[in-house]
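Taking it in order: structure first as C-alpha cells, then the write-up.
There are 2 protein chains.
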Amino acid sequence: MSRPTVNDVARVANVSLSTVDRVLNGRDGVRKVTQERVRAAMAQLGFERDIMAANLSRQRIYNIHFVIPDGPNSFMRNLAAELETHARIARRDRTEITVTLVPPFDGRGLAAALRQARAAGADGVVMVATESAEVRQAVSELRAAEIQVVTLVSDLSASARGYFVGIDNVSAGRTAAGLLGRFCQGRAGRIAIVAGSMLVRDHVERRLGFEQVMHAEFSELGLLPPVEGGDEAARVDALLTNVLRENSDIVGVYNLGGGNHGLRAALDRIDVAARPRVVVHELTAQTRAALQDGVFDAVLQQDIHKEVASALVIMRNLIEAVPIDARTGLIHTEIFLRDNLP
Amino acid sequence: MSRPTVNDVARVANVSLSTVDRVLNGRDGVRKVTQERVRAAMAQLGFERDIMAANLSRQRIYNIHFVIPDGPNSFMRNLAAELETHARIARRDRTEITVTLVPPFDGRGLAAALRQARAAGADGVVMVATESAEVRQAVSELRAAEIQVVTLVSDLSASARGYFVGIDNVSAGRTAAGLLGRFCQGRAGRIAIVAGSMLVRDHVERRLGFEQVMHAEFSELGLLPPVEGGDEAARVDALLTNVLRENSDIVGVYNLGGGNHGLRAALDRIDVAARPRVVVHELTAQTRAALQDGVFDAVLQQDIHKEVASALVIMRNLIEAVPIDARTGLIHTEIFLRDNLP
DNA sequence: CTGAAAGCGCTTACAG
DNA sequence: CTGAAAGCGCTTACAG
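Written out as C-alpha cells, the structure is:
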C-alpha cells in the first residue's frame, strides 16, 4: 500500500538495515551476492529512498555559496535582492545560502572568492562567471574537491562547471531583431545598436544573433556599427545623442547592454513623432516606466527569480546525484510589452 | 550554532516535548502561562519548525487531485502530459498526484468529480474550472470538509477557492493588440478576430483587452467583429477563408481561441505576399511550425510546467497554512517569436 | 493540564 | 563482511 522502506528491503533481502544502507549508498564492504540480494529486493519492492528522511538523519544542511558581481548594475542588484528572499525560504529546505560580492569583470577576484567558498566548506558554488584562466583553474580545484559548480547568467567556456543556468544570448539577439524588424518595417531607415562592451561574452552573442536576423530578414533596414557605452547611463546618453544628430534616418534602436537610463534621456530630448522604435534588455523600475510611457517598445528579460530557483534545484540534485530535468536550467528569454508587465 | 529544535525550546521553557508540540500546533489543553513561556522560548531561540521532520513523523503524504477537461484540445493534452511528469517528481516530496479527466464545459460532470475527489480522501483539489452553480456548490462542500481548492488556467468567480493559478486574460488580449498593432502599423487595413466561443470566460476577457488597446492606440486599423470557430480547426478554416474572401483589406488576424490548425490551412491557401500578420495563443507542435515557417508572427503562451509547479507549491502551503508568496500563482503571459522558442 | 516513551525512514558509529 | 542500537527533529498515543 504505502511506500516501501529500508525496513521492507531488509526483511525481503534477509539482511540488516546497515547492509541495505551500504548498498543504497554504494559503500563497500558487502559481498557481491549480498549486494545482488539487496538490489533484487529493492527492484521487487519498487523501493525509492526518502531523501528527506535521509537528510534528517544525516543532519545534512546544503551549504550553497553564490558569488556575484558587485557594482551599480541594476540587474545584479536585483539578483542580490532575489537571493535575500530565497535565503529565508531555503532554510526550510535545509539549505544555507551565502552570498559573496566580487568586483565585476575581475577574474582574479572571482577566483579568490571561489577558493574562499571552498575553505568555508561550501557544498556547491553558483557564480556569475567572468572569462579567465584563473577562474577556470579555480573551478577545476573545486570540482576536484567534489564541490559542485553551477554558472548563472553568464557561462564559463571550456570549464568543469556542472551546469549553466541562464538564457541563450544569441537567441535573445535574434528575438530583438525579430521584434524591432517587424516594428520598423515599412519605414525606410537604419537601426542603431548600443552595447556595453564587445569584450563581454553575452553582449557579443546578442549582437551576433541580432545581426544574423536583421541581415537575413530585414535587409531593407540598414545597421549602424554598435557604439559601446560601458553600461554607463551618461556615456550611453552622449553616444546616442550624437548618433541621432549625425544620422537623421534612425528608425530603431537596440540596446543590448545596460545604461538604459541614459538611452531614455537621449530619447526624451527629441520630438515624439520623430522617435525611433526601441528594444532593450532587463526589466527594472526605469525600463518599466519607459515601457509604460511608450518610449520603449519592448524589453527582453531573463527571469531572475526563476534563475535562482533553478540554480538551487539543480545544485541540490547535483549534490545528491539525482538526475536533472534538462529543462530546469533553460531560462527562457521573456518579452515584455507595456501590457504584459508582471 | 545550528538551528534550534523542539528539544531546545522544551529545555529553555522548562516543559516537555509534548507541551512544546501542543503550543506549536495550536492544540488546546495548555495553560495560558505555560503557552506564554513556550512562545517566549521560541522567540528567544528563533525557533523555526523543520517541516520535513514534521511530515516524516506524521507519515504525512499530500494527496492532491487534479481535475481537468478531457477532449482533443491540445493545450489540455499538454497539461495532462505535464501532470504525468510531475507525478513522479512529486512522490519524492511525499506528494501523491491523482488526475481525473472530465468532459469539457460540463459543470455537472466537474461537480461530480469534485465530490469523488473528496470521497477518495484528497487533501487538496486543483481544477480547471467551468462556470456553474453546481461547481460552486461542490467547492463550498470541499472547503467545509477542509479540503483546499485551487483553480488552474480558468478561474471560478465568486467561489470559495483558495487560490487561482493562471494568466490575466485581459492583459493577454492587450498584449496581442500591442504586438499586432505595431506589426501592422503603416499598412492601411483591418484586423480579423477569431474566437472559440463568446460564452467562455477567458475568450471574452481576451477580446475585451484586445479591443481596448486597438481602439486606444491603433485606431487607424479597423476591427471586424469576431467570428466564433468553436476551437475546431475545420470551422476556423471555413470562417476565415470566408472573411478573407469578403474583405480584401485584412492586414492582421488575432485568434484568441483554439483551432490554429484550421487558421494555418486558410492562410496557406493565399498568396504569400498578401498574407496578414498573425498572432495566436498556445504553443503546440503546430503553432511552433507555423512560427518557424513565418506564417504566424507571434504566439502567446501560459507556461504549463510553471502552472503545475506553482499549483503544487501553493497547495502544499495552503495545506500547511504556510504564508504564500504572492508571485507564485501569477503566471506571466509569455510571447514567442520564431527566435525565442524554447 | 502535563509528561515519558515510541516511532516516522533513514544514517552513523561501534562491535563483532 | 555483517548487524544491533541510537539518533536526526518532530508527532502520537497513552498515562497520569
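Protein sequences appear in the order of chains A and B. The first sequence begins at 1 in the numbering used here and counts up by one. The second sequence begins at 1001 in the numbering used here and counts up by one. C-beta atoms are modelled at their ideal positions from N, C-alpha and C, and glycine is treated no differently.
Across which residues does DSSP place residue i in a beta bridge pair?
i              : result
residue 1164/B : 1151/B
residue 1190/B : 1222/B, 1250/B
residue 1301/B : 1334/B
residue 1238/B : For residue 1238/B, which the question treats as bridged, DSSP gives no partner whatsoever.
residue 228/A  : 195/A
residue 127/A  : 67/A, 151/A
residue 255/A  : 194/A, 280/A
Residue i touches chain A at which residues, Cβ-Cβ below 7 Å?
i              : result
residue 1171/B : 339, 340
residue 1283/B : Per Cβ cutoff of 7 Å: no residues; residue 1283/B is ~11 Å from chain A at best.
Give the straight-line distance between the Cα atoms of residue i and residue j, rounded to the nearest whole angstrom.
i              : j              : result
residue 223/A  : residue 231/A  : 21 Å
residue 111/A  : residue 151/A  : 13 Å
residue 1161/B : residue 338/A  : 30 Å
residue 1034/B : residue 108/A  : 57 Å
residue 295/A  : residue 278/A  : 7 Å
residue 1204/B : residue 1175/B : 15 Å
residue 1089/B : residue 8/A    : 22 Å
residue 340/A  : residue 1284/B : 21 Å
residue 344/A  : residue 260/A  : With chain A covering 1 to 342 only, the question about residue 344/A has no answer from this structure.
residue 313/A  : residue 165/A  : 11 Å
residue 61/A   : residue 1004/B : 14 Å
residue 1293/B : residue 1180/B : 18 Å
residue 1184/B : residue 286/A  : 28 Å
residue 64/A   : residue 252/A  : 43 Å
residue 359/A  : residue 254/A  : An answer regarding residue 359/A cannot be provided, because it is not within the stretch 1 to 342 covered by chain A.
residue 10/A   : residue 46/A   : 13 Å
residue 1037/B : residue 1013/B : 6 Å
residue 250/A  : residue 209/A  : 20 Å
List, in chain order, every chain A residue whose beta-carbon is nearer than 8 Å to that of residue i.
i              : result
residue 1047/B : Ordered by position in chain A, no residue passes the 8 Å Cβ test against residue 1047/B, which lies about 12 Å from the chain.
residue 1213/B : 339
residue 1179/B : 337
Closer than 6 Å to a non-hydrogen atom of the ligand SAH - does that hold for the CB of residue i?
i              : result
residue 1291/B : The model depicted lacks the ligand SAH and carries no ligand whatsoever.
By the criterion of Cβ-Cβ separation under 9 Å, what are the contact partners of residue i in chain A?
i              : result
residue 1183/B : 182, 183, 185
residue 1052/B : 52, 53, 55, 56, 92, 93, 94
If distances are taken between C-alpha atoms only, which option among the options comes closest to residue i?
i              : options                        : result
residue 94/A   : 53/A, 76/A, 104/A, 68/A        : 53/A
residue 262/A  : 236/A, 167/A, 330/A            : 236/A
residue 207/A  : 195/A, 217/A, 131/A, 325/A     : 195/A
residue 1305/B : 1288/B, 1328/B, 1299/B         : 1328/B
residue 1119/B : 1342/B, 1147/B, 1104/B         : 1147/B
residue 238/A  : 267/A, 213/A, 211/A            : 267/A
residue 330/A  : 1342/B, 1336/B, 1334/B         : 1342/B
residue 1130/B : 1139/B, 1026/B, 1085/B         : 1139/B
residue 1099/B : 1086/B, 1032/B, 1316/B         : 1086/B
residue 1154/B : 1217/B, 1079/B, 1280/B         : 1079/B
residue 1182/B : 1067/B, 1114/B, 1298/B         : 1298/B
residue 105/A  : 251/A, 247/A, 200/A, 30/A      : 200/A
residue 1334/B : 1310/B, 1324/B, 1286/B, 1282/B : 1282/B
residue 1126/B : 1167/B, 1068/B, 1247/B         : 1068/B
residue 1133/B : 1157/B, 1143/B, 1122/B         : 1157/B
residue 215/A  : 197/A, 14/A, 191/A, 71/A       : 191/A
residue 1097/B : 1315/B, 1136/B, 1013/B         : 1315/B
residue 1300/B : 1167/B, 1070/B, 1319/B         : 1167/B
residue 149/A  : 169/A, 114/A, 275/A, 248/A     : 114/A
residue 1324/B : 1122/B, 1040/B, 1163/B         : 1163/B
residue 245/A  : 18/A, 211/A, 234/A, 275/A      : 275/A
residue 1091/B : 49/A, 84/A, 217/A, 128/A       : 49/A
Identify the contact partners of residue i in chain B, using a Cβ-Cβ distance below 9 Å as the criterion.
i             : result
residue 334/A : 1332, 1334, 1335, 1340
residue 297/A : 1178, 1182
residue 288/A : The premise fails here: residue 288/A is roughly 14 Å from chain B at the closest Cβ pair, so nothing lies under 9 Å.
residue 327/A : 1305, 1342
Just to make sure I have the definition right: I need the residues of chain B whose C-beta is within less than 8 Å of the C-beta of residue i. Which are they?
i             : result
residue 175/A : 1337, 1339, 1340
Exercise for the section: Tell me the start and end of each unbroken alpha helix (DSSP H) in the segment 1046 to 1108 of chain B that is at least 4 residues and wholly inside, in chain order. Expected result: 1051 to 1058, 1074 to 1091
Problem - Start-end ranges of the beta strand (DSSP E) lying completely within the segment 260 to 284 of chain A, minimum 3 residues - result: 277 to 281
Handout entry: 3 or more residues per run - each beta strand (DSSP E) lying fully within the segment 1007 to 1031 of chain B
Key = none
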